[in-house]
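Scroll down for the structure; my scribbles are underneath it.
In mature numbering (1 follows the signal peptide of the UniProt record, and there is no 0), the protein residues as written are -19 to -1, 1 to 314.
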């Protein structure tokens, strides 16, 4: 029972941590977001999470990839044109904390001169008046694993500059909070019965707890966007500017990521290919095709010995490959 409750607590903690806002910082090397290393994370998994080469992360932090990472270590993930956009609203929003005496123009200058019109749009600003401590969206990470937060949610976060109204409501009506509390209890009994079961059965049977994360993971294993993937158009545009002169038969493996199942964005790790390059991957057994963006290289990791390329698990599913450790693909770029 204790193990089950502990596992549930860790799962809820991870869920809460994933919902935290991403705050941007900057130094003489450029803009970045801090990331605290979790158990089993390494340069490659963090690179996949933020859609950036692990070598770029190591170079930005001035560390050697061979030395590895430790749990709880804070590393700075650089924001570049490869994983960060200040022209569209797709991805995970990156926030800037407004400093003292900073106006909207100063926020724009300090964040890569992002257009002020974009700042107004993303943050639902009716004017250029902003307050110290206010959080403003300054761009979006094109992430493969971070939760995407719609820009419409910003409107609910901004009106925090009215500290005088709350005391008036509390003093004027003391009995009223009792009614919302009763309503909250009733709603809690009716709407989320799963949570009530966890509390009532904590001392008896923890079985209802275990299926919850499993059920949430099952839909992610089904591709909702059939076809060759999101990057097909980019591959065609890339082929018009540079000939796809390489046609290789490679030994492939799989890495796990949440990307691709819903949006068709497939990714790959491959040595000798510039990060950001789109490659065409073919399953020679059935001629299924996907287009994947290269995130970085594979060298330096013992688990990659004997492999020429790793593709995301969603890409492997689109190619109708199983979960085998090794299979053959053809790659064009």
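Beta carbons are placed, not taken as given, at the ideal position from N, Cα and C, and that holds for glycine.
Rounded straight-line distance, which links the Cα of residue j to that of residue i
i: residue 321; j: residue 288; result: Nothing about residue 321 can be reported from this structure: the residues present for the chain run from -19 to 314 only.
i: residue 80; j: residue 114; result: 6 Å
i: residue 253; j: residue 260; result: 12 Å
i: residue 277; j: residue 88; result: 32 Å
i: residue 38; j: residue 248; result: 18 Å
i: residue 121; j: residue 103; result: 10 Å
i: residue 313; j: residue 74; result: 33 Å
i: residue 60; j: residue 219; result: 23 Å
i: residue 7; j: residue 221; result: 36 Å
i: residue 35; j: residue 263; result: 26 Å
i: residue 300; j: residue 271; result: 7 Å
i: residue 94; j: residue 85; result: 11 Å
i: residue 45; j: residue 22; result: 16 Å
i: residue 308; j: residue 240; result: 21 Å
i: residue 111; j: residue 3; result: 19 Å
i: residue 306; j: residue 65; result: 32 Å
i: residue 292; j: residue 51; result: 26 Å
i: residue 96; j: residue 105; result: 14 Å
i: residue 251; j: residue 213; result: 18 Å
i: residue 226; j: residue 101; result: 45 Å
i: residue 267; j: residue 20; result: 38 Å
i: residue 279; j: residue 269; result: 24 Å
i: residue 244; j: residue 49; result: 31 Å
Classification of residue i by the beta-carbon crowding that lies within 10 angstroms, buried from 16 upward
i: residue 208; result: exposed
i: residue 232; result: exposed
i: residue 43; result: exposed
i: residue 338; result: As shown, the chain starts at -19 and ends at 314. That puts residue 338 outside it, with no answer to give.
i: residue 92; result: buried
Within 8 Å, strictly: CB atoms of residue i and residue j
i: residue 47; j: residue 256; result: no
i: residue 30; j: residue 108; result: no
i: residue 33; j: residue 16; result: no
i: residue 53; j: residue 18; result: yes
i: residue 235; j: residue 294; result: yes
i: residue 290; j: residue 25; result: no
i: residue 55; j: residue 14; result: no
Nearest neighbour of residue i, chosen from the options [CA to CA]
i: residue 69; options: 99, 57 and 82; result: 99
i: residue 116; options: 311, 285, 72 and 83; result: 83
i: residue 12; options: 51, 28, 44 and 76; result: 76
i: residue 242; options: 54, 284, 215 and 211; result: 211
i: residue 238; options: 297, 285 and 216; result: 297
i: residue 216; options: 72, 245, 265 and 274; result: 274
i: residue 311; options: 41, 112, 14 and 230; result: 230
i: residue 67; options: 111, 90 and 251; result: 90
i: residue 223; options: 240, 244 and 258; result: 258
i: residue 265; options: 302, 96 and 50; result: 302
i: residue 325; options: 9, 72, 49 and 65; result: Any answer about residue 325 is impossible in this case: the structure gives the chain only from -19 up to 314.
i: residue 71; options: 20, 49 and 119; result: 119
According to DSSP, residues forming a beta bridge with residue i
i: residue 279; result: None; residue 279 has no bridge partner.
i: residue 6; result: 13
i: residue 263; result: 270 and 311
i: residue 250; result: 277 and 291
i: residue 59; result: 13
i: residue 118; result: 76
C-beta neighbour in chain C for residue i, strict 8 Å
i: residue 26; result: This model lacks chain C altogether, as it is built from one protein chain only.
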